[in-house]
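Visitor:
Residue numbers (this note's numbering): 152 to 269.
#1: Would you mind giving the Cβ-Cβ distance between residue 239 and residue 252, rounded to the nearest angstrom? I have them listed as a contact below 8 Å.
#2: Which of helix, strand or coil does DSSP assign to residue 179?
#3: How would you write the range of the beta strand (DSSP E) that residue 234 sits in, first residue to last?
#4: For residue 186 versus residue 172, is the C-beta spacing smaller than 7 Å?
#5: By DSSP, does residue 311 sit in helix, in strand, or in coil?
#6: In the DSSP assignment, what are the bridge partners of residue 227?
#7: Nearest by alpha-carbon distance to residue 161: which of 225, 203, 189 and 221 is it?
#8: Assuming residue 192 is part of the beta strand (DSSP E), what are its boundary residues?
#9: Quick check: what's the CA-CA separation for residue 235 versus residue 207?
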């Protein structure tokens, strides 16, 4: 099921878009797509951080909404998948809003190999 998510601020590196379509990726558990509503070719792959890196979720400062899920942008490579831990995306399914939080403290966490832990 696709849900439209509104961001108050554009996502890093994706232009001025603030409206996105959030949907599960068929055949991939805890994996989603986030597509710019106005230009669907602009797409990110996200994973539910709690399913892959539950310790990481515990160390985050959450936005105001406690209902928000934490998602990580992932990039497929020939030898596996990496997750960007410096720019988590919080999505509140109730209010249908999102927020990206950019951390600047640990550049080594930009491309972390991803393994399922749950």
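Built from N, CA and C at the ideal position, the CB exists for glycine as well.
Guide: Based on what the coordinates show:
#1: Confirmed, about 6 Å.
#2: Looking at residue 179 - three-state DSSP - the assignment turns out to be coil, as it is neither helix nor strand.
#3: Residue 234 -> beta strand (DSSP E) spans 231-243.
#4: For residue 186 and residue 172, yes; Cβs fall inside 7 Å.
#5: Here the chain comprises residues numbered 152 to 269, so residue 311 is not present and cannot be evaluated.
#6: Partner(s): 232.
#7: The shortest CA-to-CA distance from residue 161 to any of 225, 203, 189 and 221 is the one to 189.
#8: According to the DSSP assignment, residue 192 belongs to the beta strand (DSSP E) that extends over 190-199.
#9: Cα-Cα distance, rounded: 12 Å.
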